[in-house]
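Inspection log for the structure reproduced underneath, given as structure tokens.
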Amino acid sequence: MLLLAEPKHVVAPGELLAEGDHLLGDNAYRIGTQIFSACVGLFEVDGNRVTVVPLKGGYIPRVGDLVAGRVIDIGLSGWTVDIRSPYLAMLPASETPGPRGPRRRDLSTTFDVGDMMLSEVLAFDRTRDPLLTIKGPGLGKISTGRVVEISAAKIPRLIGRKGSMISMLKNETGCQITVGQNGIAFVWGKSPENERLAVEAIYMVEREAHTRGLTDRIREMIAKSNVVGEIARTQTA
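Okay, here's the thing in structure tokens:
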């Protein structure tokens, strides 16, 4: 196994990344024993797996993905949901909690147009719209917290390797943060200031996802903001 590009650096389409029996991650392809980048993105290595995180790009659903979306229409047996993808998603009434789901006349009391939800991609094969479900812990309507939208291509960087980045953000800001693979995150904090810090940090990840030392810079930014906030509270006390 041989790495031919430097991890955490930006690579171009067709650039040679590695040679040998590495496992293929997203946006990487193999010709013979050589592995190449399929897009402009950040080259990452996780164990034996090589991946390229695209710097730009829309969200393409995958079965099992956690996604956030907004209801844009109510049909005869379910809801049409915008998940920031080229494909509109469908949430059937049968995929809501309960023995049979809500009856037709009750659909708008479960989700109305404009409501936000957290759901899971149940089925998708590009020949039909994605099918969603909210039968699972933590899934359903989201009516509190702050909504943050970033490029779906930056979500792997926001989550970090083995959840390192998102765990750091939660710990440093004291906020609960739920991230959809489609680029929508929900933030709940003990105070508006905590939420503001978390949102600022998320946007910083989006802007600087391709740079090195990002985790340390974000931690420093949060620490400085906390100090400034504490001074301001002391002066007004």
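Going letter by letter, the sequence shown gives residues 1 to 237 in my numbering.
Glycine included, C-beta positions come from ideal geometry on N, C-alpha and C.
- Query: Where Asp106 and Ile74 are concerned, what is the direct C-alpha to C-alpha distance, given to the nearest angstrom?
  - Reply: 11 Å
- the region 22 to 33 / the region 142 to 152 touching (three or more Cβ pairs under 8 Å): no
- Can Ala12 and Val50 be called in contact, C-beta distance under 8 Å? Cβ atoms of Ala12 and Val50: not closer than 8 Å.
- Assign Asp256 to buried or exposed, taking buried as 16 or more other Cβ atoms, counted over all protein chains shown, within 10 Å of its Cβ. Here the chain comprises residues numbered 1 to 237, so residue 256 is not present and cannot be evaluated.
- Message: Are the CB atoms of Phe186 and Thr178 within a distance shorter than 8 Å?
- Response: It is a contact, given that the beta carbons lie within the stated cut-off.
- Message: Is the separation between the beta-carbon of Tyr87 and that of Pro137 shorter than 8 Å?
- Response: No, the Cβ-Cβ distance between Tyr87 and Pro137 is not below 8 Å.
- Query: Could you give the residue range of the alpha helix (DSSP H) that holds Tyr203?
  - Reply: That run of the alpha helix (DSSP H) goes Pro192 to Glu208.
- Query: Using DSSP with H/G/I as helix, E/B as strand and the rest coil, what is Ala28?
  - Reply: strand
- Query: Whole alpha helix (DSSP H) runs in the region 62 to 121 with 4 or more residues, listed along the chain?
  - Reply: 107 to 110
- For Leu214, which residues of its own chain have a beta-carbon under 6 Å away from its beta-carbon, when the five flanking residues on both sides are left out? Glu208
- When the Cα atoms are used, what is the spatial distance from Ala232 to Asn226? Confidence in Ala232 is poor, its pLDDT being 47 and thus under 50, which makes the residue's placement too unreliable to answer from.
- Query: What whole-angstrom Cβ distance do His153 and Pro54 have, given they're in contact under 8 Å?
  - Reply: The question names His, yet the displayed sequence has Ala at residue 153. Indeed, because the Cβ distance is near 4 Å, the residues count as touching under 8 Å.
- Message: Whole angstroms are fine: how far does the CA of Asp26 sit from the CA of Gly14?
- Response: 14 Å
- Take Glu68 and list the residues in its own chain whose beta-carbon comes closer than 6 Å to its own, dropping the five residues that flank it on each side. The sequence given here has Ala at residue 68, not Glu. The answer, listed in chain order, is Leu118, Gly180 and Ile184.
- Message: Taking its Cβ as the centre, do 16 or more other Cβ atoms sit within 10 Å of His9, making it buried, or is it exposed?
- Response: exposed
- Task: Could you tell me if Ile90 is buried or exposed, where buried requires 16 or more neighbouring beta carbons within 10 angstroms of its beta carbon?
- Result: Per the sequence shown, the amino acid found at residue 90 is Met instead of Ile. So Met90 counts as buried.
- Item | Member of Arg212, Gly98, Thr133 and Arg217 whose CA lies at the smallest distance from the CA of Phe43 | Arg212
- Query: For Thr173, which of helix, strand or coil comes out of DSSP?
  - Reply: helix
- Query: My guess is that Leu158 and Ala198 are in contact by the Cβ rule of under 8 Å, so how many angstroms apart are they, rounded?
  - Reply: A Cβ-Cβ separation of about 11 Å leaves Leu158 out of contact with Ala198 under the 8 Å criterion.
- Under the three-state DSSP convention, the category Arg46 falls into: Checking the displayed sequence, the identity of residue 46 turns out to be Asp instead of Arg. The answer is strand: DSSP assigns Asp46 an E or B state.
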